[in-house]
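I have placed the structure first, in the form of structure tokens, so that the comments after it can refer back to it.
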Amino acid sequence: MSILNIENVHTYYGNIHALKGININIEKGEIVTLIGGNGAGKTTTLRTISGLLKPREGSVSLNGEDILKYQAHEIVYKGISMVPEGRGVFARLTVLENLEMGAFSRNSKEEVTRNMNRVFTLFPRLKERRTQVAGTLSGGEQQMLATGRGLMSNPTILLMDEPSMGLAPVLVELIFDTIQQINKEGTTIMLVEQNALMALTIADRGYVLQTGEIILSDTAENLKKNPTVQKAYLGME
Amino acid sequence: MMIKKENLIWIAIKTGLLSGVIAIFLCLIGMIEVFSKRDVIEHIITLGDFILLVSAVSAGIIAARAASNPDQEKQPLKNYLAGALAGLTTGILIIAFIGLSQTINLRSVFLSASPSLFKLLTFKGGTSWIWIYPSIGLASGLLGTTLFLLPEKFRQPITRAIFITFLMALFSGLFRVIMINRAGSIAKLAKYLFGQTGLTLSGATIFFVAIIAISMFWTARSKNLQEGFSRIPKAGQTSLRVALYVLLAYVVIMLPQVSGPFIAQVVVIVSLYALMGLGLNITLGFAGLLDLGFVAFFAVGAYTVGLLTSYGIFGLQHIPFWVAVPIAVLVAMMFGAFLGLPVLGVRGDYLAIATLGFGEIVRLLAGSDFLAPFFGGPQGIIGIQKPCLGTLGEFLKVDVPRICNGIEFGGPKEIYYLAVASAILVAFIALRLQKSRLGRAWMAIREDEDVAEALGINLIQTKLLAYMLGAAFAGLGGAIFTVLVGSIFATSMQLIVSINVVALIIVGGMGSIPGVIVGAIALIGMPELLREVSEYRFLFYGAALIMMMLAKPEGLWPSQATLRELHHEDPGEDLDVASSQAKA
Chain R
6 MSILNIENVH
16 TYYGNIHALK
26 GININIEKGE
36 IVTLIGGNGA
46 GKTTTLRTIS
56 GLLKPREGSV
66 SLNGEDILKY
76 QAHEIVYKGI
86 SMVPEGRGVF
96 ARLTVLENLE
106 MGAFSRNSKE
116 EVTRNMNRVF
126 TLFPRLKERR
136 TQVAGTLSGG
146 EQQMLATGRG
156 LMSNPTILLM
166 DEPSMGLAPV
176 LVELIFDTIQ
186 QINKEGTTIM
196 LVEQNALMAL
206 TIADRGYVLQ
216 TGEIILSDTA
226 ENLKKNPTVQ
236 KAYLGME
Chain X
17 MMIKKENLIW
27 IAIKTGLLSG
37 VIAIFLCLIG
47 MIEVFSKRDV
57 IEHIITLGDF
67 ILLVSAVSAG
77 IIAARAASNP
87 DQEKQPLKNY
97 LAGALAGLTT
107 GILIIAFIGL
117 SQTINLRSVF
127 LSASPSLFKL
137 LTFKGGTSWI
147 WIYPSIGLAS
157 GLLGTTLFLL
167 PEKFRQPITR
177 AIFITFLMAL
187 FSGLFRVIMI
197 NRAGSIAKLA
207 KYLFGQTGLT
217 LSGATIFFVA
227 IIAISMFWTA
237 RSKNLQEGFS
247 RIPKAGQTSL
257 RVALYVLLAY
267 VVIMLPQVSG
277 PFIAQVVVIV
287 SLYALMGLGL
297 NITLGFAGLL
307 DLGFVAFFAV
317 GAYTVGLLTS
327 YGIFGLQHIP
337 FWVAVPIAVL
347 VAMMFGAFLG
357 LPVLGVRGDY
367 LAIATLGFGE
377 IVRLLAGSDF
387 LAPFFGGPQG
397 IIGIQKPCLG
407 TLGEFLKVDV
417 PRICNGIEFG
427 GPKEIYYLAV
437 ASAILVAFIA
447 LRLQKSRLGR
457 AWMAIREDED
467 VAEALGINLI
477 QTKLLAYMLG
487 AAFAGLGGAI
497 FTVLVGSIFA
507 TSMQLIVSIN
517 VVALIIVGGM
527 GSIPGVIVGA
537 IALIGMPELL
547 REVSEYRFLF
557 YGAALIMMML
567 AKPEGLWPSQ
577 ATLRELHHED
587 PGEDLDVASS
597 QAKA
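These protein sequence lines are chains R and X, in that order.
Residue numbers for the first sequence follow the working numbering, so the first one is 6 and each next one is one higher.
Residue numbers for the second sequence follow the working numbering, so the first one is 17 and each next one is one higher.
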């Protein structure tokens, strides 16, 4: 049974029709990637799932429950957490304070400590820098922090928006390794990426989004071999 | 890099010209003349002289600093040359100004360029000023250079001593009033130290020397003292602290009895602004929502108490103050929500404009003829019943105050306790709020609204609570203001009050609770205490704000987050706390 089900979703920015009836299914324990060019609607899809945008039509359901009726902040309590594009860490707060903010929706102290320890195991670097102000971290460290903050609410699904953006290749690899690690620990992941090759390498399945429509969906292996995908997103002839 | 000689001379002259222009500017706006009526040291230096001197001495310091080259060894001669030149230029510019004023009539443009100003500047006529100003300028420049060249351990005590002695001189009237009504020896001491206005020469010398001595002793010994304190066992430390608090409480409680109504009133006004500041600190400092119409909530609190307790024709209920205050706070909170709802989606600059409009609407409505049957319009609401601890007599008829059988909070000396206690209570509440879950939600919203929402923070609820709690604090301030004055007029709810509150938060340090108190004392208390200064209040505000932004943008008593942002300091000392939290 799929845990996240998006059906015929139409989202608008004013009069601009950004998502034109997309359907996405995510199974428990999967890594699903959404690839596509600039302006294809990748971030819009994530913002629609996390409730920051409301679609005009269609349905989004989590474990069979319609979540469109919930506000963005309530959806976090349902188990969906987002790591925003461009990281969006609280620059003036310390690493520790950022992580504590991530646990805002969690009241139990033990649970927060457990999640904090999990984040520090995944990112030992964050533990070293826990008293440092987030704004003074490097880009890679900020991405780690944003990811860690997303995990602090112990989500069933983690939505990740372009984690590789603006990072050196070696850091991109590190982040993607961690994504796999998080997934192995039982968190389902929806990954939006421009770096299609990397995304398809770690993902189980993928969707290709073009100007608000899903033009392809298949296993990651098959997508990698698909000539359209190779030409348009993998830079192969 | 070598500084060329011509270059050096030019820098010195430029500095001198600048300080001269400032001195002339202060003359032309009438400040020097007003300040000359007040002595710093009795019969020797007036406040006006002092300010002119300061401008020349600072020209000397700045020029001397510009002349010193960090790559080279110290060349005192070069520094002295620059300092002297700058001071001299200042003096020459002032005589040029006096000369100019004697050939053409400046008064047709500058109202304050009066004959009495020039009588003052030329030392009651004569021509001695032609050589006095350059020589005083020269001497000041040299003095400035000497100050600059002194090693740190001497310079710091001396500048500190000059500054504190100057403050003592400014506030000498207050000390004198307090001391002169005491027993014989204290009154004698007061007469010895303080003159009618300003310090006596002996008083100034005593303060100056004493502060240098204390300052040098402190720098040498403060480390030992701190170590000594930490060596005392824990229980001893606590009891020492408690003793300190008790002493502080005693001073706070006794102050109005000793000082008289004037100082009590100043403290009340500072407390009221602190209340408003603490309120705005929640919306602006914690949650990052700029509100330029904050006086509206103050007005709501004031009018609510006025309408509920007044024995005048507009009084509706005649209930005691103590019952009216909670109602006023609740009504202010409702207005907070009422303002908050429409502007929930508005951010940044637009929010400032929208709230500005709200503040003006409340003031105009309260003072309008349209609502005059309810709020008294331009005539305001008068005859507000003073708070009474005890039983209040029956309401007999309009315009007759009810009799208080008990303690009546009739004047500033009594309302002082009300205002100070409220400010302390509200500061405590604000402190608890800052550390609460709600406080952290506000902080997240201030940093990034979208991310905050994505982390599970209810934007609507959290923002509305910020507006409502901020409004509640301001409403309490308004309620106390009403009984202090005994009447309310819409004209006292001016935009400038809102701006004062924003300014005091900025000067104190945004988001910092002690900062609000310090800001209120600096921006509201000081001008209230110094009559002469309050005439130039807005000039001082402007200058203070600009200087703060340049020299200390984080405020006088900044919060942790601002400090970190502006200085990227390594918060190493927090490590222990952080690791213990991580373990917990």
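No residue lacks a Cβ here, since even glycine has one placed at the ideal position from N, Cα and C.
Extent of the continuous alpha helix (DSSP H) to which residue i belongs
i	result
G494 (chain X)	475-501
N95 (chain X)	92-119
K189 (chain R)	174-189
V22 (chain R)	Going by the sequence as given, residue 22 (chain R) is His instead of Val. Unbroken run through H22 (chain R) is the beta strand (DSSP E), 21-32; no alpha helix (DSSP H).
N227 (chain R)	225-230
G396 (chain X)	That residue, G396 (chain X), is in no alpha helix (DSSP H); it is neither H nor E in DSSP.
Endpoints, beta strand (DSSP E) assigned at residue i
i	result
I431 (chain X)	No beta strand (DSSP E) contains I431 (chain X), which is instead part of the alpha helix (DSSP H) from 428-451.
D166 (chain R)	162-166
R210 (chain R)	210-215
Same chain, Cβ closer than 6 Å to residue i, five either side skipped, listed in chain order
i	result
H334 (chain X)	F411
L137 (chain X)	I114
L447 (chain X)	I529
R135 (chain R)	V100, L101
K229 (chain R)	L205
A185 (chain X)	V56, G214, L215
Residue-level contact to chain R via CB, residue i, 8 Å cutoff
i	result
A470 (chain X)	yes
V467 (chain X)	yes
A482 (chain X)	no
I473 (chain X)	yes
R363 (chain X)	no
L34 (chain X)	no
A594 (chain X)	With a pLDDT of 40 at A594 (chain X), under the threshold of 50, the modelled position of this residue cannot be trusted; read the value that follows with caution. Closer than 8 Å to some Cβ of chain R, the Cβ of A594 (chain X) qualifies, so yes.
K94 (chain X)	no
Cross-chain neighbours of residue i in chain R, by beta carbon under 7 Å
i	result
D464 (chain X)	G93, F95
Chain-ordered neighbours of residue i on chain X, where CB pairs are closer than 8 Å
i	result
S55 (chain R)	A470
M241 (chain R)	Here the premise fails: no neighbours, minimum Cβ distance about 36 Å.
P89 (chain R)	D466, V467, A470
S158 (chain R)	L471, G472
Residue-level contact to chain X via CB, residue i, 8 Å cutoff
i	result
V81 (chain R)	yes
S143 (chain R)	no
L98 (chain R)	yes
S113 (chain R)	no
M170 (chain R)	no
S64 (chain R)	no
Contact set between residue i and chain R, taken where Cβ atoms lie within less than 8 Å
i	result
A460 (chain X)	F95, M106, F109
Same chain only: Cβ atoms within 7 Å of residue i, ignoring 5 sequence neighbours per side
i	result
V73 (chain X)	S156, L159, G160
I55 (chain R)	Just to set this straight, residue 55 (chain R) is Ser in the shown sequence, not Ile. If we look at S55 (chain R) and ignore the five residues flanking it on each side, its Cβ neighbours are A77, I80, I85, M87, L164.
F210 (chain X)	S188, F191, R192, T216, G219
Beta-carbon proximity list for residue i, same chain, < 8 Å, skipping 5 on both sides
i	result
L357 (chain X)	L480
T371 (chain X)	L306, D307, L308, G309, F310, L355, V359
Q597 (chain X)	Caution is warranted here: a pLDDT of 42 is assigned to Q597 (chain X), below 50, making its placement in the model unreliable, and no coordinate value can be reported.
Contacts of residue i in chain X (Cβ-Cβ under 7 Å)
i	result
A77 (chain R)	E469, A470
Any 3 or more C-beta pairs closer than 8 Å across the segment 151-169 of chain X and the segment 213-231 of chain X: With contact defined as three or more Cβ pairs closer than 8 Å, the segment 151-169 of chain X and the segment 213-231 of chain X are not in contact.
Three CB pairs or more closer than 8 Å across the segment 13-33 of chain R and the segment 178-189 of chain R: No contact exists between the segment 13-33 of chain R and the segment 178-189 of chain R.
Segment contact, 8 Å Cβ cut-off, at least three pairs: the segment 86-101 of chain R with the segment 140-147 of chain R: Yes, the segment 86-101 of chain R is in contact with the segment 140-147 of chain R.
Interface positions of the segment 446-457 of chain X facing chain C (Cβ-Cβ less than 9 Å), listed along the chain: The question asks about chain C, but that chain is absent: this structure's protein chains are R and X.
Cβ contact check for the segment 427-436 of chain X and the segment 272-279 of chain X: 3 or more pairs under 8 Å: Result yes; three or more Cβ-Cβ pairs closer than 8 Å.
Segment contact flag, the segment 46-55 of chain R with the segment 210-219 of chain R, C-beta cutoff 8 Å, min 3 pairs: Below 8 Å, enough C-beta pairs join the segment 46-55 of chain R and the segment 210-219 of chain R to call them touching: three or more.
Stretch-stretch touch, CB-based, cutoff 8 Å, three pairs: the segment 224-239 of chain R with the segment 203-211 of chain R: Under the Cβ criterion (8 Å, minimum of three pairs), the segment 224-239 of chain R counts as touching the segment 203-211 of chain R.
Three CB pairs or more closer than 8 Å across the segment 166-180 of chain X and the segment 229-242 of chain X: The segment 166-180 of chain X vs the segment 229-242 of chain X: in contact.
Touching by the beta-carbon criterion (3+ pairs, under 8 Å), the segment 112-131 of chain R and the segment 8-17 of chain R: By the Cβ rule, the segment 112-131 of chain R does not count as touching the segment 8-17 of chain R, because fewer than three pairs are nearer than 8 Å.
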